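Some notes on the structure that comes next.
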Ligand code: SF4
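In the working numbering, the protein residues as written are 2 to 221.
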């Protein structure tokens with residue numbers, strides 16, 4: 002698909018969706034890491050409820066969470082899926098950040114991009130999507146996190162091949178779009194996926210980018 006189709010799609014999405022309220026680029030890297038671990042397999046609303054409950058009980062710092070009672074972290078995360086496992090991961094990752102990085106993730110602002118990403122990926126509970134969210138949201142580093150919506154929408158719109166994996170999709174989208182648009186691409190593709198380009202029954206008739214979509218279904 003030519004680059005200008007990708008640009009047209011983004012322009013239409015910008016005109017049709019506002020950025021979701023749960024999104025914050027104001028959190029520091031550690032807070033973003035914690036909220037992203039909580040968000041795994043959990044809806045946005047429950048992620049924020051769990052994060053706020055945790056913030057009300059404990060400071061969101063590696064020091065506080067490393068020494069917190071596991072039960073206290075679990076109790077805060079109760080509304081999120083897999084909360085016991087997430088509580089363990091948050092405590093563990095906090096301990097590692099203290100041991101390996103003197104309690105700070107501030108190196109993500111300045112270390113070379115690939116080295117930063119690789120180091121984040123070495124932490125427990127951090128896969129490619131979590132690493133990319135932390136890099137993009139809290140440090141404005143140039144990467145596009147690929148979640149299930151971004152993957153589905155990118156494939157249906159013909160922006161990436163059907164068999165593309167995480168890295169293929171991330172690289173292709175980053176080639177099609179300018180770094181200043183990476184956050185919008187991530188968030189607006191999620192909005193499109195949630196509102197219209199649903200996994201089982203895409204609402205192609207109402208979809209704002211149907212005119213540019215090779216996967217458009219005639220019947221909704
Ligand atoms: S036209 Fe249908 S398949 Fe294409 S992006 Fe819109 S909802 Fe998805």
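We put the CB at the ideal spot given by N, CA and C, even for glycine.
Since this is a predicted model, take the numbers as computed values, not measurements.
Along the length of the segment 42 to 66, whole alpha helix (DSSP H) runs at least 4 residues long occupy 45 to 58, reported in chain order. Annotation for residue 144: no alpha helix (DSSP H) segment contains it, and DSSP assigns it neither H nor E. For the ligand SF4, residues qualifying as neighbours are 157, 197, 198, 203, 205, 208, 211, 214, 216 and 217, where qualification means a beta carbon closer than 5 Å to at least one of its heavy atoms (chain order). Pairing residue 150 with residue 109 gives a Cβ-Cβ distance that is not under 8 Å. Contact holds between the segment 131 to 147 and the segment 176 to 187, because three or more Cβ pairs, one in each stretch, are under 8 Å apart.
Assigned with DSSP and collapsed to three states, residue 18 falls in coil, not helix or strand. Taking the C-beta atoms as reference points, residue 40 is found no nearer than 8 Å to residue 58. Secondary structure at residue 79: coil, using DSSP grouped into helix, strand and coil.
Annotated three-state conformation of residue 28 is coil, per DSSP.
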